[in-house]
Each structure stands twice: as C-alpha cells, then as structure tokens.
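Written out below as structure tokens is the structure these notes cover.
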Amino acid sequence: MLKQLRILLVEDHPFQLLATQCLLKNAGYHQLTPAENAEQALRLMTQTEMPFDILLCDQCLPDLPGIELIEIAHRRGFIKAAILLSGLPANELESLKVQALQRDFPLLGYLAKPLNNEALQVLISQSKPCKGKSSRCETETITTGSRHIT
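Counted the way the working numbering counts, the sequence shown spans residues 4 to 153.
This is how it looks when you write it as structure tokens:
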C-alpha cells in the first residue's frame, strides 16, 4: 500500500520543508522523516534498520548536492528510490536526471519548485514499499562541506 511508504524528506529551506511535509501528510503519507541537510539525512539513514522507500531531496542543499546524496544513499543501501526537488531550470534538472539514470541511480524523476501535488503523487506512485532489511555497504567516510560523516 503506497500510503505506508517510508519517506525521508531533505530540504534546507524551513518553509519548503514544512509545506512539503503538509502536502505529504494531507495526501496520507504519515511515515515521514524530515531532515534539513545531507549530514542530518545520512545520520537518520544510518540509525534505521530498514531503508527508506523514497528519498525526496532538494538538489541545492548547503552541504552536498542532492544528486550526490542520492548516490551515497543508494550505494549504501539506505533508499529504494529517490525524487529530486529543485528550483533549477528544467534543462538542468533533465540533465541531472539523465546523469542519474546513466549511473543507475533509483531516480523516479524530478519536480520543479513550487511542487505540484498531482505530479508528486504520480512520481510517488511509481515506488513500492520496502519489505525487510536492506544489506548495507561497508562504513565509509563522506565529506560534506567541512564535516565528515561516517
């Protein structure tokens, strides 16, 4: 059932974070975990036994580009799928999508801000809930800005 998807929302802008949380909760998605940056998101991902079904991630995070967070999370088995959110022009978002698909990332697509509820629901509907634990890769150190995350 789609409403039981575990969603990790990473957005550094407080208003966008709150607005997207409300949008998702009003649509019936209550297993929602918010994070304000890549560092916090990675910490949350390491603290859970099951991978998130969807990583909803802003591209322009202060500590790491969203596409890189998707790559790290996918490589370490922390997510099943991702949706990139951004205010970037459509051609730049399309370029990021092509790069992600060429590198075999589980990117369902991208959404331009402000978010369109119908478009968000279409992308979310392409995901499947996670069942069971995920195998995770060896611990690695990731540099985000001036901080290191293990």
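Don't be surprised by glycine CBs; every beta carbon is placed ideally from N, CA and C.
- Taken through DSSP and simplified to helix, strand or coil, P68 comes out as strand.
- Take the alpha-carbon of I73 and the one of E121: they are about 23 Å apart.
- Rounded to the nearest angstrom, the gap between the Cα atoms of G80 and P109 is 11 Å.
- Contact check between the segment 47-54 and the segment 18-27: fewer than three CB pairs, one atom from each, fall below 8 Å, which does not count as touching.
- For L64 against D15, the beta-carbon gap comes to about 5 Å, under 8 Å, which counts as contact.
- As computed with DSSP, A103 is found in no beta bridge at all.
- In the DSSP assignment, P37 falls outside any alpha helix (DSSP H) and lies within the beta strand (DSSP E) extending over 35-38.
- In the three-state DSSP reduction, A115 falls in the strand class (E or B).
- Within the same chain, A85, F108, P109 come within 8 Å of H77 by CB-CB distance, once the 5 residues on both sides are set aside.
- A direct Cα-to-Cα measurement between A30 and R106 gives close to 31 Å.
- Judged by DSSP secondary structure, A122 falls within the alpha helix (DSSP H) whose first and last residues are 120-127.
- Per DSSP, C25 is not a residue of any beta strand (DSSP E); the alpha helix (DSSP H) it occupies stretches across 17-29.
- One Cα belongs to A93, the other to Y113, and the distance between them is close to 9 Å.
- Cβ contact annotation for K100 (same chain, cutoff 8 Å, sequence separation greater than five): L87, L110, G112, Y113, in chain order.
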